[in-house]
Amino acid sequence: MTLEAYLEDVGVLACNENPHLPALDQVGFTWGDMTALLDRQGLFLSKCGWGRTVYLSPQVYYLAARCRPRRPMPPEAAALYQLLAEAGPLETEELKRLSLLDGKGYTKAFTFLLKYRWATALKNGRVLGDNWSTLRYGTAEAWEALAPPPVPAADPEGQLWAILGRTLPPAEVARFLRAL
Numbered sequence: 626m627t628l629e630a631y632l633e634d635v636g637v638l639a640c641n642e643n644p645h646l647p648a649l650d651q652v653g654f655t656w657g658d659m660t661a662l663l664d665r666q667g668l669f670l671s672k673c674g675w676g677r678t679v680y681l682s683p684q685v686y687y688l689a690a691r692c693r694p695r696r697p698m699p700p701e702a703a704a705l706y707q708l709l710a711e712a713g714p715l716e717t718e719e720l721k722r723l724s725l726l727d728g729k730g731y732t733k734a735f736t737f738l739l740k741y742r743w744a745t746a747l748k749n750g751r752v753l754g755d756n757w758s759t760l761r762y763g764t765a766e767a768w769e770a771l772a773p774p775p776v777p778a779a780d781p782e783g784q785l786w787a788i789l790g791r792t793l794p795p796a797e798v799a800r801f802l803r804a805l
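For the sequence shown, the positions run 626 to 805 when my numbering is used.
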């Protein structure tokens, strides 16, 4: 099974070990598998749900967008978003340097963008080792322009429950959806 097929089946996968979700390497996939799929916009990187990096299938991303409007951006996040919209895709180092925010302000703003689906990784960056690289980030709208189109859904919330319920207990699905 490919990572793309696996992610389409379960909807969400953790980057690293996580008490709520299986992690990429725990289900037999590698960082290289993830970045290859990322380069094709076959996943949406986010920090939604548990505040940790997770990979959403395109279908889960689009269903979540239909069910849960994104939260309004605070000023620092809006400034980072504007940078990504104008100059992206950017590595985090570049984005931080261009933002002129201090470390804490930058981290808070960037985490907000990732958590509430305003921004995501668009492609792989510099290779740092066998199992690690930088990523290049952009806006969710830039991702949508390159990603597969959404599949129509008569009941987006019900479909999210059905997909996420394949690997998560009902309480965790509810928690994940509340956090979107």
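Ideal Cβ placement from N, Cα and C applies to all residues, glycine included. All figures in this text were calculated on a predicted structure; none of them were measured in a lab.
Specify the secondary structure class of residue i as computed by DSSP and reduced to three states.
i       : result
Gly-674 : coil
Gly-750 : strand
Ser-724 : helix
Tyr-706 : helix
Gly-730 : helix
Thr-745 : strand
Ala-712 : helix
Val-652 : helix
Rounded to the nearest angstrom, how far is the Cβ of residue i from that of residue j, given a contact under 8 angstroms?
i       : j       : result
Leu-715 : Arg-761 : 6 angstroms
Ser-724 : Ala-702 : With 8 angstroms as the limit, Ser-724 and Ala-702 do not qualify as a contact, their Cβ atoms being about 10 angstroms apart.
Gly-636 : Leu-789 : 5 angstroms
With a CB to CB cut of under 6 angstroms and the five nearest residues on each side skipped, what residues in its chain are close to residue i?
i       : result
Asn-641 : Ala-648
Ala-639 : Leu-646, Ala-648, Val-679
Glu-797 : His-645
Name the two residues that bound the continuous alpha helix (DSSP H) containing residue i.
i       : result
Trp-656 : 656–664
Ala-772 : From DSSP, Ala-772 is part of no alpha helix (DSSP H); its letter is neither H nor E.
Val-635 : 628–635
Tyr-687 : 683–692
Arg-800 : 795–804
Gly-790 : Here Gly-790 belongs to no alpha helix (DSSP H), and DSSP marks it neither H nor E.
CB-CB under 8 angstroms to residue i, same chain, minus the five flanking residues each way: which ones, in chain order?
i       : result
Leu-753 : Thr-759
Thr-598 : As shown, the chain starts at 626 and ends at 805. That puts residue 598 outside it, with no answer to give.
Ignore the nearest five residues each way along the sequence and tell me which others in residue i's own chain have a CB closer than 7 angstroms to its CB.
i       : result
Pro-795 : none
Gly-730 : Glu-701
Need the endpoints of the beta strand (DSSP E) that residue i sits in, please.
i       : result
Gly-807 : No information on residue 807 is available, as it lies outside the stretch 626 to 805 that the chain covers here.
Using 8 angstroms as the threshold, is the stretch 778–790 in touch with the stretch 687–696, meaning 3 or more CB pairs across them? Yes, the stretch 778–790 touches the stretch 687–696.
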